[in-house]
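In our numbering, the protein residues as written are 1168 to 1400.
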Ligand code: SAH
């Protein structure tokens, strides 16, 4: 799978994709992340990509032309299996279901906004979808793009050591993951639940499902109303 990230700060992406399973996926060629400098599509002397907002107001807005030219030259012809996203605080909320959807694509392009935002014609006539990583405002779309690449990258086939781990984890079954412990079984007097030490796999499976439900009820009751109450196989 290929990600194209269009940004005015290409150097932003020097670090985040070097570590862990996503770093390994890139080294193994399962995932490619291509960084494109938006200013390569600005042709005046100062490589201007922003301008003042019509109607007045604070700050600057990213101009439509460099973003359109960037997208059109990276993908001269649109094909099925491509998705063009615009990062935006006003977008559809990114979640695990959307990550799974994106993981089925061949190529995803993410346009990173900056300043006060992006000329609305990019959302209306260029991007397939506006995407937000949460109800808060970032200073730019780069962190949001990094979050999306990380989250989608780890879902690609063969990226996680154990495919089952992405089926068991938080949000995959609509609820949170169960709590986990490792050695020592007694740490400063805090003991690991007895059942996990006994090796009865079926009992452990049921106990974990229950523990996941309880934790979800405590931390994210909003998820429970949507989750199925059946025990998964
Ligand atoms: N004036 C805008 C915020 C602009 S922030 C508003 O109030 O909606 C500058 C850029 O950061 C945005 O264009 C967008 O690309 C990115 N950004 C900010 N918050 C984001 C979020 N929650 N998710 C994804 N991108 C975000």
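We put the CB at the ideal spot given by N, CA and C, even for glycine. Note that this is a predicted model, so its numbers are computed, not measured.
Check: Extent of the continuous beta strand (DSSP E) run through residue 1382; Outcome: Not the beta strand (DSSP E): residue 1382 falls in the alpha helix (DSSP H), residues 1368 to 1386.
Check: Closer than 6 angstroms: residue 1307 CB and nearest the ligand SAH heavy atom; Outcome: yes
Check: The ligand SAH heavy atom lying under 6 angstroms from the CB of residue 1270; Outcome: no
Check: Bridge-paired residues (DSSP) for residue 1170; Outcome: 1200, 1275
Check: Uninterrupted alpha helix (DSSP H) stretches inside the segment 1267 to 1347 (no shorter than 4 residues); Outcome: 1287 to 1292, 1309 to 1320, 1332 to 1335
Check: C-beta atoms of residue 1374 and residue 1359 nearer than 7 angstroms; Outcome: no
Check: Beta-carbon proximity of residue 1202 to residue 1183, cut-off 7 angstroms; Outcome: no
Check: Unbroken alpha helix (DSSP H) run spanning residue 1252, endpoints; Outcome: Careful: residue 1252 lies outside any alpha helix (DSSP H), inside the beta strand (DSSP E) at 1249 to 1260.
Check: Nonlocal neighbours in the same chain, by C-beta distance under 6 angstroms from residue 1180, ignoring five residues either side; Outcome: 1202
Check: For residue 1358, the residue or residues it bridges with in DSSP; Outcome: 1353
Check: Helix, strand or coil at residue 1188 according to DSSP, with G and I counted as helix; Outcome: helix
Check: Residue 1185 versus residue 1265: straight-line alpha-carbon distance, rounded; Outcome: 24 angstroms
Check: Stretch pair the segment 1262 to 1276 + the segment 1237 to 1249: three plus CB contacts closer than 8 angstroms; Outcome: yes
Check: Spatial neighbours of residue 1225 in its chain, beta-carbon cut-off 8 angstroms, leaving aside the 5 residues before and after; Outcome: 1283
Check: Same chain only: Cβ atoms within 6 angstroms of residue 1172, ignoring 5 sequence neighbours per side; Outcome: 1202, 1277, 1312
Check: Residue 1355 versus residue 1383: straight-line alpha-carbon distance, rounded; Outcome: 27 angstroms
Check: Strand pairing of residue 1229, partner residues [DSSP]; Outcome: 1217, 1285
Check: Contacts around residue 1288, its chain only, beta-carbon distance under 8 angstroms, and the 5 residues preceding and following it disregarded; Outcome: 1231
Check: Spatial distance of residue 1256 from residue 1318 (CA atoms); Outcome: 18 angstroms
Check: Backbone CA spacing between residue 1340 and residue 1370 [nearest angstrom]; Outcome: 19 angstroms
Check: Whether residue 1208 touches residue 1251 by CB criterion (7 angstroms); Outcome: no
Check: Residue 1283 beta carbon near the ligand SAH (any heavy atom closer than 6 angstroms); Outcome: yes
Check: Exposure label - residue 1302; buried when at least 16 CB within 10 Å; Outcome: exposed
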